[in-house]
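To start, the structure itself, in structure tokens.
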Amino acid sequence: MAGLLSVDFEVFGHVQGVCFRMYTEREGLRLGLVGWVKNTSAGTVVGQVQGPGAMVEEMKVWLSKEGSPSSRITRASFSNQRSIEKLELSGFKTRF
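Converting from the sequence shown to the numbering used here requires adding 30 to each position, the first position being numbered 1.
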């Protein structure tokens with residue numbers, strides 16, 4: 031599989047207690063991505079997504095602008111974006 035990307039994310043704003051993780055999982059699966067998502071003690075949501083580059087970019091837009099219906103995203107930051115040979119994760123999971 032060519033053109034696979036991996037990227038870490040952190041989403042800031044009103045993103046806890048609003049089903050953000052569940053919607054992130056659902057959107058990741060809809061886009062055919064693998065990854066994980068979890069709440070932090072700082073009130074943000076962090077995670078990692080992997081998959082075809084175009085789908086990863088679409089997920090980045092979703093994490094920056096859309097999120098769950100009740101969320102209010104102030105900003106999203108992305109780090110460690112890199113090309114990968116093969117997927118390093120399987121499924122899309124909420125971590126605790």
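All C-beta atoms in this analysis are idealised placements derived from N, C-alpha and C, irrespective of residue type, glycine included.
A contact between stretches requires three or more CB pairs, one per stretch, nearer than 8 Å, and the region 111-118 fails this requirement with the region 55-62.
Each of 45, 62, 41 was checked against the Cα of residue 106, and the nearest Cα belongs to 41. Around the Cβ of residue 91, a 10 Å sphere holds fewer than 16 other Cβ atoms; the residue is exposed. Minimum Cα-Cα distance from residue 67 among the listed residues 82, 85, 46, 83 corresponds to 46.
Ranked by Cα distance from residue 95, the options 43, 71, 38, 64 are led by 43.
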